[in-house]
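Using this note's numbering, the first residue of the sequence shown is number 121, and each one after it goes up by one.
Below you'll find the structure, written out as structure tokens, and then a few comments.
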Amino acid sequence: MAGNIIASLDNGENQHDIYSLAALAAGNFGAVSTMAKIIGEEEFSLLFHKGQKESIHFSKVLSDFLLITIFGQEISLGFLRLKVAEAIEKIKDNLGPSLGV
Numbered sequence: 121m122a123g124n125i126i127a128s129l130d131n132g133e134n135q136h137d138i139y140s141l142a143a144l145a146a147g148n149f150g151a152v153s154t155m156a157k158i159i160g161e162e163e164f165s166l167l168f169h170k171g172q173k174e175s176i177h178f179s180k181v182l183s184d185f186l187l188i189t190i191f192g193q194e195i196s197l198g199f200l201r202l203k204v205a206e207a208i209e210k211i212k213d214n215l216g217p218s219l220g221v
């Protein structure tokens, strides 16, 4: 995973450096994947970091694709995970055939 952005959507209210975030997220996910292997897991398919104002949810879509969601306190984690699961299936349907998946 290299941390390249293929799509971005925001509400226009934040000025996050998404390029740095993507690169750091790829490294973070790589490190956590190695930790999973150390404890005998094949992988951890998602990561979640909770902040006071905003939180970040990372989900593996395909072997080289992550879906990163930044969200505020007004969104419940359960609702977000439901919507992320739906989005991942749509992304897989669109990307999978072109990648031979």
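From the three backbone atoms N, C-alpha and C, an ideal C-beta is built for every residue, glycine too.
Please read these numbers as outputs of a predicted model, since none were measured by experiment.
Quick one: what's residue i bridged to in DSSP?
i	result
L186	K180
E133	DSSP lists no partner for E133.
G192	E174
Taking the beta carbon of residue i as the centre, do at least 16 other beta carbons fall within 10 Å, making it buried, or is it exposed?
i	result
H177	buried
F199	exposed
I125	exposed
S122	In the sequence on display, residue 122 carries Ala and not Ser. Classification of A122: exposed, given that the 10 Å Cβ count is below 16.
A71	The structure shown does not extend to residue 71, since the chain is modelled only from 121 to 221, so the question has no answer here.
Measure from the alpha carbon of residue i to the alpha carbon of each residue in the options, then state which is nearest.
i	options	result
L166	V181, I190, N124 and S128	V181
G132	L215, S218, I190 and S175	I190
H136	R201, E174 and K212	E174
E194	F164, D213, K170 and A127	K170
A151	I188, E163 and E209	E163
For the alpha helix (DSSP H) containing residue i, list its first residue and its last residue.
i	result
F149	I138 to I158
For the beta strand (DSSP E) that residue i lies in, which residues bound it at each end?
i	result
F168	L166 to H169
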